[in-house]
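Chemist: Just so you know, we're using numbering that gives the first Met the number 0 here: the sequence shown kicks off at 0 and counts up by one. Heads up, the beta-carbon is just placed ideally off N, CA and C, and yes, glycines get one too.
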Amino acid sequence: MQIYKRKVFFRISLPLLFSSHILSFSQEKCLPLHPKVKKGMYDINKIREDFPILSREVYGKPLVYLDNAATTQKPLCVLDAMRDEYLNVNANVHRGVHYLSQQATDLHEAAREKVREFINAKKIEEIVFTRGTTEAINLVASSFCESQMQEGDEVIVTEMEHHSNIVSWQLQAMKRGIIVKHIPIKDDGTLMIHPTPNPSPDRGGEFSGLEDFITHRTKLISVAHVSNVLGTVNPVDVIVKIAHEHGIPVLVDGAQSAPHFKVDVQAMDCDFFAFSGHKMYGPTGIGVLYGKEEWLEKLPPYQGGGEMIDKVTWEKTTFERLPFKFEAGTPDYVATHGLAKAIEYIDSIGFEAIQQHEQELTCYCMEQLQSIDGIKIYGPQVPLLQEGLGEVSKDAVVSFNVGNIHHLDMGTLLDRLGIAVRTGHHCAQPLMDRLGISGTVRASFALYNTKEEIDTLVAGIRRVAQMF
Ligand SMILES: Cc1ncc(COP(=O)(O)O)c(C=O)c1O
0 MQIYKRKVFF RISLPLLFSS HILSFSQEKC LPLHPKVKKG MYDINKIRED FPILSREVYG
60 KPLVYLDNAA TTQKPLCVLD AMRDEYLNVN ANVHRGVHYL SQQATDLHEA AREKVREFIN
120 AKKIEEIVFT RGTTEAINLV ASSFCESQMQ EGDEVIVTEM EHHSNIVSWQ LQAMKRGIIV
180 KHIPIKDDGT LMIHPTPNPS PDRGGEFSGL EDFITHRTKL ISVAHVSNVL GTVNPVDVIV
240 KIAHEHGIPV LVDGAQSAPH FKVDVQAMDC DFFAFSGHKM YGPTGIGVLY GKEEWLEKLP
300 PYQGGGEMID KVTWEKTTFE RLPFKFEAGT PDYVATHGLA KAIEYIDSIG FEAIQQHEQE
360 LTCYCMEQLQ SIDGIKIYGP QVPLLQEGLG EVSKDAVVSF NVGNIHHLDM GTLLDRLGIA
420 VRTGHHCAQP LMDRLGISGT VRASFALYNT KEEIDTLVAG IRRVAQMF
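#1: If you drop the 5 nearest sequence neighbours on each side, which residues of the same chain put their C-beta closer than 6 Å to that of residue 463?
#2: Taking the beta carbon of residue 430 as the centre, do at least 16 other beta carbons fall within 10 Å, making it buried, or is it exposed?
#3: Whose C-beta lies closer than 7 Å to the C-beta of residue 334 among residues of the same chain, with five residues either side of it excluded?
#4: Please classify residue 131 as buried or exposed, where buried requires at least 16 other C-beta atoms within 10 Å of its C-beta.
#5: Around ligand 1, which residues pass a check of Cβ closer than 5 Å to any of its heavy atoms?
#6: Three-state secondary structure (DSSP) at residue 418?
#7: Can you tell me where the alpha helix (DSSP H) holding residue 284 begins and where it ends?
#8: Exposed or buried, residue 52, counting other C-beta atoms within 10 Å across all chains shown (16 or more means buried)?
#9: Got a sec, what are the start and stop residues for the alpha helix (DSSP H) residue 214 sits in?
#10: For residue 332, which residues of its own chain have a beta-carbon under 6 Å away from its beta-carbon, when the five flanking residues on both sides are left out?
#11: State yes or no: is the C-beta of residue 294 within less than 8 Å of the C-beta of residue 271?
#12: Of the choices 35, 64 and 54, whose alpha-carbon is the least far from that of residue 419?
#13: Is the beta carbon of residue 344 within less than 7 Å of some heavy atom of ligand 2?
#14: Counting pairs of Cβ atoms below 8 Å between the region 212-221 and the region 143-161, do you hit three or more?
#15: Is the beta carbon of residue 401 sitting closer than 8 Å to the one on residue 453?
#16: Alpha carbon to alpha carbon, what distance is there between residue 434 and residue 406?
#17: Quick check: the Cα distance between residue 449 and residue 71, rounded to an integer number of angstroms?
#18: Can the beta-carbon of residue 114 be found less than 8 Å from the beta-carbon of residue 349?
#19: Applying the criterion that 16 or more other CB atoms from any shown protein chain within 10 Å of the CB defines a buried residue, is residue 330 buried or exposed?
#20: For the pair the region 256-265 and the region 117-126, tell me if three or more CB-CB distances fall below 8 Å.
#21: Please name the residue, chosen from 337, 224 and 228, that lies closest to residue 237 on a Cα-to-Cα basis.
#22: Taking the beta carbon of residue 252 as the centre, do at least 16 other beta carbons fall within 10 Å, making it buried, or is it exposed?
#23: One question on the structure: do residue 62 and residue 417 come within less than 8 Å of each other, judged by their Cβ atoms?
#24: Look at the Cβ atom of residue 152, then the Cβ atom of residue 182, and state whether they are nearer than 8 Å.
#25: On the CB-based measure, 16 or more other CB atoms within 10 Å of its CB, does residue 266 come out buried or exposed?
#26: Which value, in whole angstroms, describes the spacing of the CA atoms of residue 422 and residue 441?
#27: Quick check on residue 233: buried or exposed, where buried means 16 or more other Cβ atoms within 10 Å of its Cβ?
#28: What does the alpha-carbon distance come out to for the pair residue 192 and residue 377?
#29: Hey, how far is the Cα of residue 339 from the Cα of residue 248?
#30: Nearest by alpha-carbon distance to residue 230: which of 465, 457 and 443 is it?
#31: Please go through the same chain and pick out, in chain order, the residues whose beta-carbon is closer than 6 Å to the beta-carbon of residue 189, but skip the five residues on each side of it.
#32: Once you ignore the five residues that flank residue 297 on each side, which residues in its own chain have a CB closer than 7 Å to its CB?
#33: List the DSSP bridge partners of residue 322.
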């Protein structure tokens, strides 16, 4: 406790006293407005220079990287910032009274503020650093079920979830006898809940069907914002509204939304929101759980160890305040700094330009793929704007199969042409069962992809198809 008090003191005082030192060690590469962005459009070739890996070759062919839903490449500003921190600042955070520890702590806590601002959370206490989306969901599943659920209580997920939003709950079902239910999908890859013809304006559009799944035993709804297989953008704000009318909190899995469009957790009013740094140009091993303060206060710690305690005795241990209660052990403070730089990079381009670019790519890819004989594209089809919702219904992910060609064969042969796509079940086996397939080929886009790369993909698929 004594050290922690010092830590708080220095956190407040040092930036004021030595701010010039703190800012001077790092060469800033992320500018407030990316110089390549003009009037919401950007010069893609210049943007690609920020990602040197994109100009490498594989098998003697230029790399076409279309596996961004799995992980994105990292811009130089992120890599430089992390290297700078290890070179010049490295020390454990929160516990040292010495200069380096204070500097590292300042960077780590500045990253928390950057994340807060990124998703528009009310307070930094609501931002918990985790290893990624998976750990964030497991944290809620474990702590929420332990404190808020009894045997026979229900959690509702959807048929399009990533395994991390299924198995985390199933583990709790095995331990505590809770029941995991799911909302099925329609053939078009959207949830089996329907916009009502004349929605009342104060509910922002009503969805019939969701209530069919809710019972008095429903304690939480946990839903992907964007499907990592179908690209479907789920109407999470409406789900949240209806859930709240029944007193049920909602967790939104934002792994595939946070990289692509502006998320505002206060506007969405979700109770928990989880995302991963590595899918949004940041480092691996760092992610975020946002939780409304009132919920995080109610939940017990997830793991025990250093940092998360207030006082430890053999008789009784008390816990730290938020968000430290959920951050046991040494955090990946270099990765949090890297994540902050990734957010700065995104901000410097702006989501308006990013979303416009990625939507054009998704549209173009869908159009081009549809001209291939025997192709089956899964999930929402073009046009991308779903009428009545005023929202994008498919985002930056296109999954498909061609005739009887196995997805693994297609992916392996595309790889030989320098094209990196993902194949398989994409950690969504229940969704594959629903679609009656073992897997798909998935192309997924990031802010640095080009129409030329999609042309290369389409030409590659045609070439592979001719071989069968
Ligand atoms: C929708 C969705 N949820 C969760 C995850 C898990 O993310 P991570 O492996 O970064 O924890 C992924 C990863 O692909 C995902 O796409």
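Modeler: Inspection of the coordinates gives the following:
#1: 409 and 412
#2: buried
#3: 276, 282, 284 and 285
#4: buried
#5: 131, 132, 133, 161, 163, 223, 227, 252, 254, 255 and 275
#6: strand
#7: Neither: residue 284 is in no alpha helix (DSSP H) and is coded neither H nor E.
#8: exposed
#9: Note, residue 214: premise wrong, no alpha helix (DSSP H); not H, not E.
#10: 92, 103 and 107
#11: yes
#12: 64
#13: This structure does not include ligand 2; its bound ligands are ligand 1.
#14: yes
#15: no
#16: 14 Å
#17: 15 Å
#18: no
#19: buried
#20: yes
#21: 224
#22: buried
#23: yes
#24: no
#25: exposed
#26: 6 Å
#27: buried
#28: 19 Å
#29: 28 Å
#30: 443
#31: 231
#32: 146
#33: Paired residues: none, contrary to the question.
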